Amino acid sequence: MKKTLGIVVPLWIFVAALFIFQCLFLLGVVPTESMEPAIEAGSVVIASRLFGRIEIGDVLVFRYEGQLLLKRVVALGGDTVWIDGQVYTVPSHHFLMLGDNRENSWDSRYWTNPYIPEENVIGKVIGK
Numbered sequence: 078m079k080k081t082l083g084i085v086v087p088l089w090i091f092v093a094a095l096f097i098f099q100c101l102f103l104l105g106v107v108p109t110e111s112m113e114p115a116i117e118a119g120s121v122v123i124a125s126r127l128f129g130r131i132e133i134g135d136v137l138v139f140r141y142e143g144q145l146l147l148k149r150v151v152a153l154g155g156d157t158v159w160i161d162g163q164v165y166t167v168p169s170h171h172f173l174m175l176g177d178n179r180e181n182s183w184d185s186r187y188w189t190n191p192y193i194p195e196e197n198v199i200g201k202v203i204g205k
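In our numbering, the protein residues as written are 78 to 205.
This is how it looks when you write it as structure tokens:
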């Protein structure tokens with residue numbers, strides 16, 4: 078009985094810790110060069126699912142057309158910005174997102190709907 082408990086208890090602790098980690102954080106591998114030089118292709122990033130206010134400059138993990146993407150916030154709801162000769166006025170509760178590697182990034186400049194709603198944000202990158 079003691080031998081069984083010696084295996085079961087650490088296993089349950091591990092499973093509980095893994096569950097808590099999955100609820101609070103997201104780990105992912107960056108597949109492209111779109112965020113270089115700040116985040117290189119192949120880098121592992123950690124994002125917090127619990128985050129406060131999102132600000133310009135934050136790097137977010139979010140859903141766009143069924144994909145998980147990682148880009149930098151360049152404008153918030155209510156902002157009007159000019160990028161590559163195009164004017165963008167960001168709707169309330171939305172974000173305009175760009176990759177750091179502007180020449181090699183599929184981002185808001187090319188999307189049918191360039192604005193990401195708040196509810197599509199999964200996490201804020203806190204480390205790599």
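Yeah, the Cβ is synthetic: ideal placement off N, Cα and C, and Gly gets one too.
As the structure is a computational prediction, the values presented were derived from the model and not from experiment.
Sub-8 angstroms separation of residue i and residue j beta-carbons
i	j	result
Val121	Lys201	no
Asn181	Phe139	no
Val150	Gly134	yes
Ala124	Ile193	no
Ser111	Trp183	yes
Leu101	Arg126	yes
C-beta neighbour in chain C for residue i, strict 8 angstroms
i	result
Pro87	Among the chains of the structure shown, chain C does not appear; only one protein chain is present.
Cβ shell of residue i (< 7 angstroms), same chain only, five flanking positions each side left out
i	result
Thr109	Ala118
Lys169	It should be noted that the sequence gives Ser, not Lys, for residue 169. Closer than 7 angstroms at the Cβ level, and outside the excluded window around Ser169, lie Gly154, Gly155.
Pro191	Tyr165, Leu173, Ser185
Val86	none
Endpoints, beta strand (DSSP E) assigned at residue i
i	result
Tyr192	192-194
Ile211	Outside the shown range of the chain, which is 78 to 205, sits residue 211, and nothing can be said about it.
Met112	Careful: Met112 lies outside any beta strand (DSSP E) and carries neither H nor E.
Ala152	144-153
Thr189	Per DSSP, Thr189 belongs to no beta strand (DSSP E) and is neither H nor E.
Lys266	The displayed coordinates of the chain run from 78 to 205. Any statement about residue 266 would go beyond what the structure contains.
Same chain only: Cβ atoms within 8 angstroms of residue i, ignoring 5 sequence neighbours per side
i	result
Asp177	Ser111, Met112, Glu113, Pro114, Ala115, Ile116, Arg149
Tyr141	Trp188, Ile193, Asn197
Ala152	Ile133, Val158, Tyr165, Val167, Phe172, Leu173
Leu175	Lys148, Arg149, Val151, Ile160, Ser182, Asp184, Ser185, Arg186
Residues near residue i in its chain [Cβ-Cβ closer than 6 angstroms; skip 5 each side]
i	result
Val106	Val121
For residue j and residue i, believed in contact at Cβ under 8 angstroms, the rounded distance
i	j	result
Leu146	Val136	The pair is not a contact, with the Cβ atoms about 11 angstroms apart (cut-off 8 angstroms).
Can you list the beta strand (DSSP E) stretches of 3 or more residues lying completely in the stretch 150-184, in chain order?
157-160, 163-166, 171-175
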